[in-house]
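There are 2 protein chains.
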Amino acid sequence: MSTISDVAKLSGLSKTTVSRVINNHPYVSKEKKEQVLKAMEELGYTPNPSARRLRGQLTTTLGVIVPRIVNPFFSYLVNSIEQTAYHKGYQVLICQSNEDKEKELAFLNLLKTKQVDGIIMTAIENDWNIIQPFTDYGPIVLCNEYVNHADVPIIRLDQYKGTYIGVKHLIEKGHQKIAYCTGGLFDEQGKDKDRNYGYQKALKEAGIVINPKWIFVNQHTIEDGKQVMKQILEMDDRPTAVFTGSDEIAGGMMIEAKGHSLRVPDDIAIIGFDDQPLAEMLDPKLTTIRQPVDQMGEKSVEVIIEMLHNPEMKTETYEMSIELVVREST
Amino acid sequence: MSTISDVAKLSGLSKTTVSRVINNHPYVSKEKKEQVLKAMEELGYTPNPSARRLRGQLTTTLGVIVPRIVNPFFSYLVNSIEQTAYHKGYQVLICQSNEDKEKELAFLNLLKTKQVDGIIMTAIENDWNIIQPFTDYGPIVLCNEYVNHADVPIIRLDQYKGTYIGVKHLIEKGHQKIAYCTGGLFDEQGKDKDRNYGYQKALKEAGIVINPKWIFVNQHTIEDGKQVMKQILEMDDRPTAVFTGSDEIAGGMMIEAKGHSLRVPDDIAIIGFDDQPLAEMLDPKLTTIRQPVDQMGEKSVEVIIEMLHNPEMKTETYEMSIELVVREST
DNA sequence: TTGTAAGCGTTATCAA
DNA sequence: TTGATAACGCTTACAA
Chain A
1 MSTISDVAKL
11 SGLSKTTVSR
21 VINNHPYVSK
31 EKKEQVLKAM
41 EELGYTPNPS
51 ARRLRGQLTT
61 TLGVIVPRIV
71 NPFFSYLVNS
81 IEQTAYHKGY
91 QVLICQSNED
101 KEKELAFLNL
111 LKTKQVDGII
121 MTAIENDWNI
131 IQPFTDYGPI
141 VLCNEYVNHA
151 DVPIIRLDQY
161 KGTYIGVKHL
171 IEKGHQKIAY
181 CTGGLFDEQG
191 KDKDRNYGYQ
201 KALKEAGIVI
211 NPKWIFVNQH
221 TIEDGKQVMK
231 QILEMDDRPT
241 AVFTGSDEIA
251 GGMMIEAKGH
261 SLRVPDDIAI
271 IGFDDQPLAE
281 MLDPKLTTIR
291 QPVDQMGEKS
301 VEVIIEMLHN
311 PEMKTETYEM
321 SIELVVREST
Chain B
1 MSTISDVAKL
11 SGLSKTTVSR
21 VINNHPYVSK
31 EKKEQVLKAM
41 EELGYTPNPS
51 ARRLRGQLTT
61 TLGVIVPRIV
71 NPFFSYLVNS
81 IEQTAYHKGY
91 QVLICQSNED
101 KEKELAFLNL
111 LKTKQVDGII
121 MTAIENDWNI
131 IQPFTDYGPI
141 VLCNEYVNHA
151 DVPIIRLDQY
161 KGTYIGVKHL
171 IEKGHQKIAY
181 CTGGLFDEQG
191 KDKDRNYGYQ
201 KALKEAGIVI
211 NPKWIFVNQH
221 TIEDGKQVMK
231 QILEMDDRPT
241 AVFTGSDEIA
251 GGMMIEAKGH
261 SLRVPDDIAI
271 IGFDDQPLAE
281 MLDPKLTTIR
291 QPVDQMGEKS
301 VEVIIEMLHN
311 PEMKTETYEM
321 SIELVVREST
């Protein structure tokens with residue numbers, strides 16, 4: 001690898017001048033600038049990012065923390081972030097937290113050591129008061145995740161609305177017995193509380209009382225979906241519709257339902273969440289809630305880069321709209 | 001951020017000694033080692049990777065180049081690579097090439113500038129003679145991709161066998177008219193040539209002549225699958241079975257077939273490739289070729305780390321086995 | 001067994 | 001408008 005000194009030598013100028021050219025500083029004559037550029041070209045010179053980092057420069061690298069990259073929701077989100085970042089001249093370091101607190105902290109440390117300029121968190125494992133101090137070392141943006149009273153930009157979806165319109169759709173289709181699956185708990189606080197609230201609100205407005213037996217917490221995978229359906233099949237009083245927390249759960253439920261000759265949506269209507277490619281491949285095609293993943297990723301990158309350029313920037317919360325995609329499963 | 005000097009000061013020892021402790025050098029007395037450790041603890045010290053890199057040390061960062069992270073095959077592969085690497089104390093920089101030659105080169109440059117210790121390539125966009133020179137700067141391992149006569153370790157699947165057993169399975173089921181989809185071309189050389197050969201071999205052994213009309217090249221997505229099925233539907237002489245290049249194509253074909261009341265597998269048998277989660281969710285469940293993605297990822301990381309420790313290591317090709325998963329679509 | 005000092009490739013400061 | 005020099009945090013001869 002050639003260095004700045006090589007370029008200086010070849011162009012007959014000083015390192016300083018070369019550095020100025022690299023960084024587009026003013027006060028370099030056109031003439032010398034061209035000499036430098038030519039030498040750089042000739043040597044195939046690329047600045048060494050480690051040296052720049054060490055020197056305290058920006059690194060044009062962003063970190064993204066995702067829980068699991070194999071979850072399509074996150075892989076699409078990462079894709080959008082990566083593409084946007086690349087166009088803006090940034091690299092992306094993708095970190096998979098695996099829902100592990102320690103691993104999350106390890107990645108946040110990259111900020112401390114200037115490995116990344118900023119971090120986009122798409123999920124949070126540790127308490128905010130543990131994470132908060134890292135904001136001293138660089139911008140942190142929350143994407144698809146939020147914390148009350150956190151003084152960082154938040155790019156999020158209106159999960160409440162998503163659930164509300166989904167459940168309402170079921171009610172309009174004539175359902176009264178509506179089960180509900182969530183990836184979190186059915187608490188007032190904590191993960192997915194907004195979705196829970198959307199479900200409760202929609203039912204309440206329709207004068208429907210919640211049946212606690214039809215609430216399934218901590219559900220995530222296809223397999224979980226199958227299990228939920230099994231439980232439903234054993235009930236004397238079965239729900240006629242289910243609002244699920246993800247297309248995968250919905251898919252799992254559909255498989256199991258079919259295995260027991262239950263017709264969707266006639267015997268049981270099912271609604272997913274995410275609008276993954278899968279949704280269109282299921283039979284019947286899945287009614288689901290579409291989240292504008294690409295937009296979220298794009299916005300997150302824009303915001304974090306803006307913070308980099310303007311650290312005083314006022315932190316805002318950006319809410320993306322969410323929509324119901326009606327297909328055949330409801 | 002505290003530095004090595006801070007630790008030295010606090011522990012009353014020299015930077016050198018601290019450095020020795022960090023790097024587990026011998027010749028540090030137990031006593032001093034503990035002093036250092038204590039000081040590090042107290043200051044919450046983390047070595048600055050940029051400084052280490054600059055100094056020419058290993059970076060404990062590996063790069064992985066994938067074409068598209070949203071492709072489940074690659075997201076699972078990346079997942080496996082990331083997990084294995086993390087356990088071995090390495091971070092992973094994930095690079096999405098988007099099948100763009102320039103982007104691939106940009107990432108390979110990370111090796112030149114010591115941003116990553118080594119790179120695992122899961123696809124290759126540029127000609128090998130363009131990539132080859134980068135091996136001077138650090139190990140490159142090919143995973144799921146290969147190049148003849150390349151002097152780098154290769155971790156790959158026996159694609160020939162995968163296709164051969166799949167097509168043979170169709171023949172054993174009584175099919176004679178077997179269509180074939182590939183992501184590449186139907187050339188002797190180039191992408192997917194091994195799969196092509198497997199198809200040809202299986203047919204030849206059964207004394208079946210290939211019908212060129214039933215060869216579909218350059219197929220990748222769900223949408224492609226739909227289009228292929230449309231074309232088949234318009235044929236006077238239709239194939240009774242299709243070997244596809246991916247579960248997605250297979251899925252697309254199934255959707256379209258159903259839309260036209262064609263029964264799978266009775267009217268047309270379909271076989272996928274990859275055994276993605278999707279395969280089990282389709283109706284009928286998809287017969288497909290399973291690739292041991294996790295194993296491949298693991299092996300790639302093991303090999304590349306070994307090369308880092310032992311640069312003289314002889315390069316080998318590792319071939320992973322591949323198997324047929326028979327479900328309901330054949 | 002420990003410490004001193006040089007150097008990795010940059011950029012910022014200061015002087016010319 | 002240009003250049004010499006110090007500094008970023010670390011490791012490694014070399015010396016003690």
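Residue numbers (full-length UniProt numbering), protein chains in the order written: chain A, 1 to 330; chain B, 1 to 330.
Yeah, the Cβ is synthetic: ideal placement off N, Cα and C, and Gly gets one too.
Please read all numbers here as calculations on a predicted model, not as lab measurements.
Item                                                                                                                   : Value
Of the residues A/Val293, A/Glu82, A/Phe107 and A/Gln115, the one placed nearest B/Lys103, counting alpha carbons only : A/Glu82
Residue from B/Val7, B/Tyr27 and B/Pro139 with nearest C-alpha to B/Val18                                              : B/Val7
For B/His169 and A/Ile154, the rounded distance between their alpha carbons                                            : 53 Å
B/Met1: contacting residues in chain A (beta-carbon distance under 9 Å)                                                : Lys112, Thr113, Lys114 and Tyr137
Against chain A: residues of the region 66-83 of chain B by CB proximity under 8 Å                                     : Arg68, Ile69, Val70, Pro72, Ser75, Tyr76, Val78, Asn79, Glu82 and Gln83
Coil, strand or helix - A/Met1 by DSSP                                                                                 : coil
Those residues which DSSP pairs with A/Val64 across a bridge                                                           : A/Ile94 and A/Ile120
Expected contact under 8 Å - CB spacing of B/Leu93 and B/Val116 to nearest Å                                           : 6 Å
Beta strand (DSSP E) runs contained entirely in the region 101-155 of chain A, provided each spans 3 or more residues  : 118-121 and 140-143
Classification of B/Tyr76 by the beta-carbon crowding that lies within 10 angstroms, buried from 16 upward             : buried
Test item: CB-CB of A/Gly162 and A/Ile268 under 9 Å                                                                    : no
Coarse secondary structure for B/Glu328, derived from DSSP in three states                                             : coil
Within 9 Å, strictly: CB atoms of A/Tyr199 and A/Ile178                                                                : yes
Within-9 Å CB hit, B/Ile92 to chain A                                                                                  : What sits at residue 92 of chain B in the sequence shown is Val, not Ile. Yes, B/Val92 counts as interfacial toward chain A.
Nearest-angstrom Cβ-Cβ length linking B/Gln96 and A/Asn79, presumed shorter than 8 Å                                   : 7 Å
Integer Cβ distance of B/Thr46 from A/Lys112, believed to fall under 8 Å                                               : 6 Å
Assigned secondary structure, B/Arg290 (DSSP; H/G/I helix, E/B strand, else coil)                                      : strand
Member of B/Leu10, B/Glu234, B/Met235 and B/Gly166 whose CA lies at the smallest distance from the CA of B/Ser329      : B/Gly166
Span separating the alpha-carbon of B/Leu185 from that of B/Lys191                                                     : 7 Å
Interface partners of B/Ala257 on chain A, CB under 8 Å                                                                : Within chain A, no residue comes near B/Ala257; the closest Cβ sits about 11 Å away, beyond 8 Å.
Neighbourhood of residue 331 of chain A by C-beta, 7 Å cutoff - its chain only, sequence neighbours within 5 removed   : As shown, chain A starts at 1 and ends at 330. That puts residue 331 of chain A outside it, with no answer to give.
Which residues DSSP lists as bridging B/Leu157, in chain order                                                         : B/Met320
C-beta contact flag for B/Ala51 and B/Leu10 at 9 Å                                                                     : no
Cutoff 9 Å: A/Cys95 Cβ touching any chain B Cβ                                                                         : yes
A/Tyr86 at chain B interface by Cβ criterion, 9 Å                                                                      : yes
The region 122-129 of chain A contacting the region 115-129 of chain B, beta-carbon criterion three pairs below 8 Å    : no
Assigned exposure category for B/Glu31 - 16 Cβ within 10 Å defines buried                                              : exposed
Assigned secondary structure, A/Ile215 (DSSP; H/G/I helix, E/B strand, else coil)                                      : strand
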